[in-house]
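In the working numbering, the protein residues as written are 13 to 605.
Cβ atoms here follow ideal geometry from the backbone N, Cα and C, with glycine treated the same way.
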RNA sequence: GCCCGGGUAGCUCAGUGGAUAGAGCAGAAGUUUCCUAAACUUUUGGUCGGAGGUUCAAUUCCUCUCCCGGGUACCA
């Protein structure tokens, strides 16, 4: 995608030479395969139809480029033209002007985009699934901001409902007044423990019922819920909550606050800052007015049994109001969608939610369109796959989840140990821990972003996340090496004020430069696809290219001071791009590793 | 049944019509008198699930088919 002077000049030339060649054709450079001779490739198949034949197009390109002042040599294979640029021309568009290069990654149409992600329940701490969601959401926000959009990040906490009451009931019965302070447990973990306790007690009761009533063998556990004493008590608590029973509300408030404090720690560890957090307890009644309006508009209709439905054609009928007049999940979502729109007037809204809700969002978006909201065309469900363990699926109810905070601690500890082994003398323990935190969290986030969001991923807690190979730390390490060189250069007082970019360049320097030309395109592509994975792949390539350069091209010990200055500039520009790219994935860079 | 994903190296995954299908891990063999070896080099490993079709060119697009996952509630 990248454009150089030669590509724009070539397009102008071909437009003159060939009658049918559109004057506004953009010819872009592509990466030249490593085994080929050349810095960049021009794929003439792409515009061959204007030139008679692929070979005619390529030959015309070769004829023109071989006389271009920026070009050192060209090679034609089929309709691929591999171009070797003069060093000055290659660097001019890339490493010589990194700020200019990075600034090219700006969208032509900045919009205001609202992203909703995380959306945890207050009955349990966050686990690896949430971490994937959080990482996808925060990096998408960073990515869209990076290319120039106005991004609003919001959270919608599910803080009410029957599942919340389960933790509360368990606390009432088995809690003995314990608090996070009294037991030294993080608030969300304490509440989550009661949720697990509840389910144990419930299962015990159901098993007992099944023993007493063999005739119920066909009924599901969910079905038997209201046959249990625990279940009816929970149902009653939900009703009491809805009518505002002071004791229930007080317990609810207390336990939710514990959870919120716990979540705040989790979000802080990840570096998440929401612009606003909506609480479902304040929004769950929204949407009924929309249903009333939709009925008038004829978008919805009343079924014989009294339920209000949205007839959605192929997707079937969707109930939007129960026959008893109460709302369902999608009713609330209609309401909160409108609320978010009214609060922020975004031009687009994105929901980061697991792929089991694909149909729900298709229906929601279709309903909003039918209700006549013009902005409903720009609603987008960023759907991601589940995270499975070698032992199977994670289940909160059974406590078989990888806990987010535990995972952060494990990653940070592993990285800190490695840092301690490598740290130079005199580095403080505080600094070592900071490096460990940055590397551990970087490894985790990178792993979660490297994969396509859609893939159902397998996570092996034993293997955990690695620090070598295709990982975040691999990229961080390249940055650390550069910073180390920069420190030594400063110590030695090396003059870097003037750089001669026309000096002969080693192949590793040139391929590094050629690769950086594609950075803006990668960012724009990633933003357009709403997926950081292409950026992750690109940064790995760039770090790999740097490591080859590092191996082959001495910087501080370069043959001449001029070459040293040029290579220092290459290092600094590379570091700037790698750091910018990692920041766009919400990953920090340690000062040393 | 219907709808939506996925199936590419032993494993985890890239690859949105272009050159001989790539990377990491795992396996094999090497590289520290020299800026950080969390690195680098070499190497083993593929009927891109299967069958047709579209075209100069298909892992990529179309049709059929097989396997895996998810969804298909007056749950969220």
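Practice problem: Just tell me which of 273, 238, 478 has its CA closest to the CA of residue 423. | Solution: The residue labelled residue 423 in the question sits at position 411 within the first chain. Looking at the Cα atoms, 478 is the closest of the given residues.
Practice problem: Could you check the C-alpha separation between residue 475 and residue 402 for me, to the nearest Å? | Solution: By one-based count along the first chain, residue 475 stands at place 463. By one-based count along the first chain, residue 402 stands at place 390. Answer to the nearest angstrom: the Cα atoms are 11 Å apart.
Self-check item: Those residues which DSSP pairs with residue 92 across a bridge
Solution: For this step, residue 92 is matched to residue 80 along the first chain. Beta-bridge pairing links residue 92 to 55, 89.
Self-check item: The beta strand (DSSP E) enclosing residue 361, as first and last residue numbers
Solution: Here the question's residue 361 lines up with position 349 in the first chain. Residue 361 -> beta strand (DSSP E) spans 360–366.
Practice problem: Take residue 431 and list the residues in its own chain whose beta-carbon comes closer than 6 Å to its own, dropping the five residues that flank it on each side. | Solution: As a first step, residue 431 must be located in the first chain, where it is residue number 419. Taken in chain order, the residues that qualify are 444, 447, 448.
Exercise. Express the C-alpha separation of residue 95 and residue 108 in angstroms, rounding to a whole number.
Key: As a position in the first chain, residue 108 is number 96, starting the count at 1. As a position in the first chain, residue 95 is number 83, starting the count at 1. If you take the alpha carbons of residue 108 and residue 95, they lie about 19 Å apart.
Quiz prompt | Rounded separation between residue 496 and residue 604 - CA only | solution = Residue numbering aside, residue 496 sits at position 484 when the first chain is read from its first letter. Residue numbering aside, residue 604 sits at position 592 when the first chain is read from its first letter. Rounded to whole angstroms, residue 496 and residue 604 show a C-alpha spacing of 7 Å.
Self-check item: Contact set for residue 377: own chain, Cβ-Cβ below 6 Å, skip 5 residues either direction
Solution: Locating residue 377 in the first chain gives position 365, where the first residue counts as 1. Counting only residues of its own chain and dropping the five nearest sequence neighbours on each side, residue 377 has a CB closer than 6 Å to the CB of 391.
Quiz item: Secondary structure at residue 474, three-state DSSP: helix, strand or coil?
Solution: Locating residue 474 in the first chain gives position 462, counting from the first residue. Coil at residue 474, not helix or strand.
Quiz item: So, helix, strand or coil for residue 447, using DSSP?
Solution: For the purposes of this step, residue 447 is identified with residue 435 of the first chain, where counting begins at 1. The answer is helix: DSSP assigns residue 447 an H, G or I state.
Quiz item: Would you call the stretch 451–468 and the stretch 537–556 in contact, with 3 or more CB pairs under 8 Å?
Solution: Output reads yes: the stretch 537–556 touches the stretch 451–468.
Quiz item: According to DSSP, which residues form a beta bridge with residue 394?
Solution: Numbered from 1 along the first chain, position 382 holds the residue referred to as residue 394. BP columns for residue 394 point to 364.
Quiz prompt | CA nearest to the CA of residue 282, picked from 48, 453, 269, 274 | solution = The residue given as residue 282 occupies position 270 in the first chain. Comparing alpha-carbon positions, the option among 48, 453, 269, 274 lying closest to residue 282 turns out to be 453.
Practice problem: Give the C-beta separation of residue 362 and residue 542 to the nearest angstrom, bearing in mind that I take them to be a contact with Cβ-Cβ under 8 Å. | Solution: Here residue 362 refers to the residue found at position 350 when the first chain is read from its first residue. Here residue 542 refers to the residue found at position 530 when the first chain is read from its first residue. Here residue 362 really is in contact with residue 542; their C-beta atoms are around 7 Å apart, less than 8 Å.
Quiz item: Would the stretch 507–523 and the stretch 576–587 be scored as touching if the rule is three or more Cβ pairs under 8 Å?
Solution: Touching, yes, given that three or more Cβ pairs across the two stretches are closer than 8 Å.
Exercise. Report all residues from its chain with a CB closer than 7 Å to the CB of residue 515; omit the five preceding and five following residues, and keep chain order.
Key: By 1-based counting over the first chain, the position of residue 515 is 503. Closer than 7 Å at the Cβ level, and outside the excluded window around residue 515, lie 99, 574, 575, 578.
Quiz prompt | Bounding residues of the beta strand (DSSP E) (the contiguous stretch that carries residue 323) | solution = In the first chain, residue 323 corresponds to position 311, counting from 1. Unbroken beta strand (DSSP E) run through residue 323: 320–323.
Quiz prompt | Selection from 451, 164, 52 that minimises the alpha carbon distance to residue 84 | solution = Residue 84 sits at position 72 when you count from the first residue of the first chain. When 451, 164, 52 are compared, the shortest CA-CA separation from residue 84 is found for 52.
Quiz item: Rounded to whole angstroms, how far is the Cβ of residue 590 from the Cβ of residue 490, which I believe are closer than 8 Å?
Solution: Here residue 590 corresponds to residue number 578 of the first chain, with the count starting at 1. Here residue 490 corresponds to residue number 478 of the first chain, with the count starting at 1. For residue 590 against residue 490, the beta-carbon gap comes to about 6 Å, under 8 Å, which counts as contact.
Exercise. In the DSSP assignment, find the unbroken alpha helix (DSSP H) run with residue 606 in it and report its ends.
Key: Any property of residue 606 remains undetermined from this structure, which presents the chain solely from 13 to 605.
Quiz prompt | Between the CA atoms of residue 513 and residue 103 - distance to the nearest angstrom | solution = Counting from one through the first chain, the residue named residue 103 turns up at place 91. Counting from one through the first chain, the residue named residue 513 turns up at place 501. The alpha-carbon atoms of residue 103 and residue 513 are separated by roughly 7 Å.
Quiz item: In terms of residues, what are the limits of the beta strand (DSSP E) holding residue 330?
Solution: To locate residue 330, count along the first chain from 1; it is residue 318. Unbroken beta strand (DSSP E) run through residue 330: 329–333.
Practice problem: Just mark residue 55 as buried or exposed, buried being the case when its beta carbon has 16 or more other beta carbons within 10 Å. | Solution: As a position in the first chain, residue 55 is number 43, starting the count at 1. Of the residues assessed, residue 55 falls on the buried side of the cut-off, its CB having 16 or more other CB atoms within 10 angstroms.
Quiz item: Distance, Cα to Cα, residue 119 vs residue 188?
Solution: Counting from 1 along the first chain, the entry for residue 119 is found at position 107. Counting from 1 along the first chain, the entry for residue 188 is found at position 176. Rounded to whole angstroms, residue 119 to residue 188 spans 57 Å at the Cα level.
Exercise. May I ask you to check if the CB of residue 230 is nearer than 7 Å to at least one heavy atom of the ligand NAP?
Key: Among the ligands in the structure shown, none appear at all, so the ligand NAP cannot be discussed.
Quiz item: Excluding five sequence neighbours on each side, which residues of the same chain lie with their C-beta closer than 7 Å to the C-beta of residue 562?
Solution: Here the question's residue 562 lines up with position 550 in the first chain. Taken in chain order, the residues that qualify are 493.
Quiz item: Run through DSSP, which three-state label would residue 467 get?
Solution: As a first step, residue 467 must be located in the first chain, where it is residue number 455. DSSP places residue 467 in coil when its eight states are reduced to three.
Quiz item: Over what stretch of residues does the alpha helix (DSSP H) that includes residue 142 continue unbroken?
Solution: Walking along the first chain from the start, residue 142 turns up at place 130. Counting along the chain, the alpha helix (DSSP H) containing residue 142 begins and ends at 140–158.
Exercise. Please name the residue, chosen from 552, 250, 274, that lies closest to residue 264 on a Cα-to-Cα basis.
Key: Looking up residue 264 in the first chain gives position 252. Ranked by Cα distance from residue 264, the first of 552, 250, 274 is 250.
Quiz item: If we count Cβ pairs, one from each stretch, closer than 8 Å, do we get three or more for the stretch 157–169 versus the stretch 283–302?
Solution: By the Cβ criterion, the stretch 157–169 is in contact with the stretch 283–302, since at least three pairs of Cβ atoms, one from each stretch, lie closer than 8 Å.
Self-check item: Residue range of the unbroken beta strand (DSSP E) whose run includes residue 400
Solution: On the first chain, residue 400 is found 388 positions in, with the first residue counted as 1. 399–401 is the extent of the beta strand (DSSP E) around residue 400.
Quiz item: Start and end of the alpha helix (DSSP H) containing residue 209?
Solution: To locate residue 209, count along the first chain from 1; it is residue 197. Where residue 209 is concerned, the enclosing alpha helix (DSSP H) stretches over 199–224.
Quiz item: Which residues in the same chain as residue 268 place their Cβ atom closer than 6 Å to its Cβ, once the five residues preceding and following it in sequence are excluded?
Solution: Counting from one through the first chain, the residue named residue 268 turns up at place 256. Residues of the same chain with a CB within less than 6 Å of the CB of residue 268, apart from the 5 flanking positions on each side, are 134, 171 in chain order.
Exercise. Apply the 10 Å Cβ neighbour rule to residue 65 and answer buried if 16 or more other Cβ atoms are within range, or exposed otherwise.
Key: Within the first chain, the letter at position 53 stands for residue 65. By the beta-carbon neighbour count (other beta carbons within 10 angstroms, threshold 16), residue 65 is exposed.
Quiz item: Would a C-beta distance cut-off of 8 Å place residue 211 and residue 409 closer than the cut-off?
Solution: On the first chain, residue 211 is found 199 positions in, with the first residue counted as 1. On the first chain, residue 409 is found 397 positions in, with the first residue counted as 1. Taking C-beta atoms as the reference points, residue 211 and residue 409 count as a pair closer than 8 Å.
Practice problem: Give every residue of the same chain whose Cβ lies closer than 8 Å to the Cβ of residue 349, excluding the five residues on either side of it in the sequence, and list them in chain order. | Solution: The sequence position of residue 349 within the first chain is 337, counting from 1. So the qualifying residues of the chain are 361, 376, 380, 391.
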